[in-house]
Amino acid sequence: MVLNDGDVEKSKRDFITAKVPMLEMAVPGLRTSGIEQLEKNPSPRLVKTHLPIDLLPKSFWENNCKMIYMARNAKDVAVSYYHFDLMNNLQPPPVTWEKYLENFMAGNVAYGSWFNHVKNWWTKTEEHPILFLHYEDMKENPKQEIKKIATFLEKNLNDGILDKIVHHTSFGMMKNNPLVNYTHIPNTVMDHSKSPFMRKGIAGDWKNHFTVAQNEKFDAIYGKEMSGSTLQFRTDF
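First residue of the sequence shown? That's 1 in full-length UniProt numbering, and the numbers climb one at a time after it.
Here it is as structure tokens:
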């Protein structure tokens with residue numbers, strides 16, 4: 001919506017997977033892979049990816065592509081990831097939350113270690129045009145964060161347009177919008193009866209899942225893994 005200057009109708013022209021293809025998406029049952037869709041889309045293209053920095057195509061760096069990285073605190077990522085993998089039929093479902101959390105802390109999940117992922121992208125901001133945002137800030141003050149995105153993309157949007165974008169990109173609006181809530185994806189890929197793709201959209205849900213012992217162990221691992229990094233996250237809300 002930022003690139004469309006807040007134009008709602010332009011933003012409704014297709015499913016999110018067509019407008020913003022996922023680079024690494026190649027799934028049996030889906031007619032078009034992410035790369036095939038990107039090749040169809042006109043320039044300038046919007047690309048979505050969860051790839052760690054060392055797996056991103058070199059051309060992204062060579063062409064000086066602008067990138068927006070949305071980071072989220074590790075505890076909430078673990079919870080969100082667990083619920084996503086419950087509905088993700090492309091791999092075996094999690095056995096238990098306890099086992100899943102152990103795998104997450106060890107980096108034995110898709111895309112690898114959360115710690116390495118965020119640290120490497122954070123370091124890359126020193127040499128490449130990357131807007132590094134925090135999910136918690138977006139939830140707390142969406143207008144402020146959307147304005148950062150607009151400035152980064154060299155879009156001059158007035159308060160009225162920003163307010164419109166805040167409204168239409170709110171979690172409640174998007175959860176009920178079939179163009180963006182991924183309900184168009186076949187159940188053989190994403191089974192929304194097990195867990196919706198857009199579940200709660202809040203910060204701090206980890207408190208509803210972590211035991212005291214799990215939290216203490218996680219904090220110890222977090223302190224070790226993030227030692228020496230200037231990157232900070234909020235977990236208390």
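The C-beta atom is built at its ideal place from N, Cα and C for all residues, glycine as well.
Among Thr49, Asn4, Lys10 and Pro28, whose alpha-carbon lies nearest the alpha-carbon of Met22? Thr49
Under 8 Å between the Cβ atoms of Ile165 and Met25? In this structure, Met25 does not lie closer than 8 Å to Ile165 by Cβ.
Please report how far the alpha carbon of Lys75 lies from the alpha carbon of Ser59, in whole angstroms. 33 Å
Where does Lys155 sit, in a helix, a strand or coil, going by DSSP? The answer is coil: DSSP assigns Lys155 none of H, G, I, E or B.
Might you give, ordered along the chain, the residues of its own chain that have their beta carbon closer than 6 Å to the beta carbon of Thr151, omitting 5 neighbours on each side? none
Look up residue 240 in the DSSP assignment and give the residues it is bridged to. With the chain covering only 1 through 237, there is no way to say anything about residue 240.
Could you please give the first and the last residue of the uninterrupted beta strand (DSSP E) stretch that includes His117? Premise fails: His117 lies in the alpha helix (DSSP H), Trp114 to Lys124, not in any beta strand (DSSP E).
Cβ-Cβ separation, Lys224 to Leu86 (assumed contact under 8 Å), whole Å: Rounded, the Cβ-Cβ distance is 29 Å, inconsistent with contact.
Going by DSSP, which residues form a beta bridge with Met22? Lys48
Cβ neighbour criterion (16 or more within 10 Å) applied to Ala106: exposed
If you draw a straight line from the alpha carbon of Ala213 to that of Gly201, how long is it in whole angstroms? 25 Å
What is the DSSP secondary structure of His209, counted as helix, strand or coil? coil
When the Cα atoms are used, what is the spatial distance from Lys99 to Lys119? 24 Å
Straight-line CA distance for Asn64 to Leu162? 27 Å
Taking C-alpha atoms, which residue in Asp236, Met67, Pro28 and Asn176 lies nearest to Leu133? Met67
Identify, in the order they occur along the chain, each residue of the same chain with its Cβ nearer than 6 Å to the Cβ of Ala71, setting aside the five sequence neighbours on each side. Val118 and His134
With distances taken between CB atoms, is the gap from Asn215 to Phe197 smaller than 8 Å? no
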